[in-house]
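So the structure is just underneath, and the comments pick up after that.
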Amino acid sequence: MADGARLIPPPIAMLAELTHRCPLSCPYCSNPVDLARREAELSTEDWADVFRQAAGLGVLQVHLSGGEPASRRDLAQIVAAAREAGLYVNLITSGIGLTEERLTEIVAAGVDHIQLSVQGTRAETADRVGGYRGGFAKKMEIAEAIARAGVALTLNAVMHRHNLGELPEVFDLAERLGARRVEIACVQFQGWALENRAVLQPTRAQVDEAKDLVAEARSARAGRLVIDFVPPDYYADLPKACMGGWGSTGLNVAPDGTVLPCHAAQTIPGMRFANFRDLTLEEIWYRGPAFAAFRGTDWMPDPCRSCDRREIDFGGCRCQALAVLGDAAAPDPVCRRTEGRTRLDELLRAEGNAPDLEAARWRRIGG
Amino acid sequence: MIPVLPRGVRLHWDGVRATHVLLAPERTLMLDEIGHAILSRVDGVTPLSALAAGLAADFDAPIAEVEPDVADFLLGLAKERLVDLNG
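The listed protein sequences correspond, in order, to chains S and H. Numbering of the first sequence is given in the numbering used here, commencing with residue 59 and proceeding in unit increments. Numbering of the second sequence is given in the numbering used here, commencing with residue 304 and proceeding in unit increments.
Okay, structure coming up:
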């Protein structure tokens with residue numbers, strides 16, 4: 059159509075990946091396997107410009123992520139620039155690299171909410187997963203500093219085969235740290251996690267137990283702790299709407315200024331992404347070919363095209379279709395209404411006897 | 304009962320969509336006129352009853368109808384930790 063822009067809603071949220079640098083080396087990191095180096099990162103001024111443009115476009119919330127955002131020495135200035143642009147600022151951090159002093163600067167700069175990730179609830183398991191000795195103790199120190207500063211805190215626990223047994227303790231830890239929310243996110247198989255899928259994939263029994271525990275905790279802790287639970291895709295029967303629908307609610311800016319419809323989109327072969335250094339966010343959102351590629355329902359193959367859920371899940375996750383079926387334009391293989399599900403079930407069977415965590419490929423730059 | 308917006312939850316005017324919104328951790332609520340009228344009176348000092356009385360006067364509506372609606376609205380948000388109800 060001549061002016062498609064009128065039919066495309068403005069984005070609500072933006073993920074700003076400030077850096078790919080991180081002191082941890084979690085084998086399920088959602089960053090691409092080919093990590094951006096420090097020299098390629100956007101400057102403080104660039105980010106301020108990104109935030110102003112994003113707010114002008116309709117973005118209300120920015121999620122400052124990485125890598126580890128605290129690896130940027132200018133993090134407090136970045137937070138201030140985002141607030142100045144009028145955005146709600148959510149900082150997603152492992153806590154490593156933050157000190158009470160830096161936290162005070164970030165709070166003064168106007169951070170609205172902090173999401174602190176944990177790799178487990180016990181030092182030995184958490185430090186093993188993160189590949190960083192003493193990391194858990196540092197996180198606990200910074201969690202206490204966040205509580206003293208009075209900032210809204212969410213505890214993010216990434217769960218997989220090797221730590222799902224600690225789930226009940228995650229709820230306790232969240233409340234002990236004064237978190238109002240906890241996010242239990244089972245590893246999704248993109249980026250480094252895809253490399254380590256066989257090692258990290260939980261069993262069906264683990265997932266069923268986790269669902270029961272979540273339901274119990276939600277009722278026992280109602281009004282105190284809000285629990286968000288993201289079950290692993292492979293054990294679902296119907297796909298999720300990835301990003302609320304491709305190019306419909308959110309965008310992602312990578313450390314080097316590449317603007318992506320989702321954080322894993324760069325795995326899709328043949329897709330070209332615009333850079334913030336060359337075009338405005340508005341041009342990229344409304345007219346960028348990467349955003350148009352899987353937006354809405356026109357791109358859909360059968361059986362999605364005629365499915366009654368086509369505007370509920372928008373065909374699910376493109377990167378998952380690519381990872382499992384080798385075709386980003388295929389229906390999400392999680393969907394039991396599609397042929398691709400057979401392939402996913404084969405994978406689950408084949409990966410039933412998972413190797414130990416030691417077999418994982420640990421995240422590193424220049425891997 | 305005194306409602307208060309906890310840290311990390313705040314009202315915001317969305318100029319692009321021309322609407323008031325409530326911004327919170329991982330949540331964005333688009334507010335209608337009534338929702339905004341209620342939340343803009345939540346200041347951590349005014350008790351629920353006084354807040355409802357003020358709304359009833361401004362909207363020229365019976366307090367007996369307004370107060371339970373306001374309480375329901377705020378209790379719903381409190382369950383999601385978007386409002387704290389003190390005292």
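Backbone N, C-alpha and C fix where the C-beta goes; we use that ideal spot for every residue, glycine too.
- Taking a 10 Å sphere around the C-beta of Ile342 (chain S), we find 16 or more other C-beta atoms and assign the residue as buried.
- Residues of the region 235 to 253 of chain S whose Cβ lies closer than 9 Å to any Cβ of chain H, in chain order: Arg238, Arg239 and Glu241.
- Contacts with chain H (Cβ-Cβ distance below 8 Å) from the region 207 to 225 of chain S involve Gly208, Val209, Ala210 and Thr212, listed in chain order.
- About 6 Å separates the beta carbons of Met304 (chain H) and Gly390 (chain H), which is inside the 8 Å limit, making them a contact pair.
- Under the Cβ criterion (8 Å, minimum of three pairs), the region 359 to 366 of chain S does not count as touching the region 306 to 324 of chain S.
- Judged by DSSP secondary structure, Cys377 (chain S) falls outside any beta strand (DSSP E) and instead within the alpha helix (DSSP H) spanning Arg376 to Leu383.
- Secondary structure note for Arg239 (chain S): its beta strand (DSSP E) is the uninterrupted segment Arg239 to Cys244.
- In this structure, Ile200 (chain S) sits away from Gly125 (chain S), with a CB-CB distance that is not shorter than 8 Å.
- Not one beta carbon of chain H lies nearer than 8 Å to the beta carbon of Asp314 (chain S).
- The CB of Gln119 (chain S) comes closer than 7 Å to the CB of Leu326 and Thr331 in chain H, given here in chain order.
- Three or more beta-carbon pairs separated by less than 8 Å link the region 115 to 132 of chain S to the region 317 to 324 of chain H, which places the two stretches in contact.
- A residue is called buried when at least 16 other Cβ atoms come within 10 angstroms of its Cβ; Phe109 (chain S) meets this threshold and is buried.
- The way I'd put it, the region 368 to 380 of chain S doesn't touch the region 260 to 269 of chain S; fewer than three beta-carbon pairs between them come closer than 8 Å.
- Excluding five sequence positions before and after Ser83 (chain S), the CB atoms of its chain that fall closer than 8 Å to its own CB belong to Gly188, Gly189, Tyr190, Trp420, Arg421 and Arg422, given in chain order.
- DSSP, reduced to helix, strand and coil, places His321 (chain S) outside both helices and strands of the structure shown, so it counts as coil.
- Between the C-alpha atoms of Glu224 (chain S) and Asp107 (chain S) there is a straight-line separation of about 42 Å.
- With contacts defined by Cβ atoms closer than 8 Å, Ala195 (chain S) and Ala167 (chain S) do not form a contacting pair.
- Residue pairing by DSSP puts Gln119 (chain S) in a beta bridge opposite S:Ala71 and S:Tyr146.
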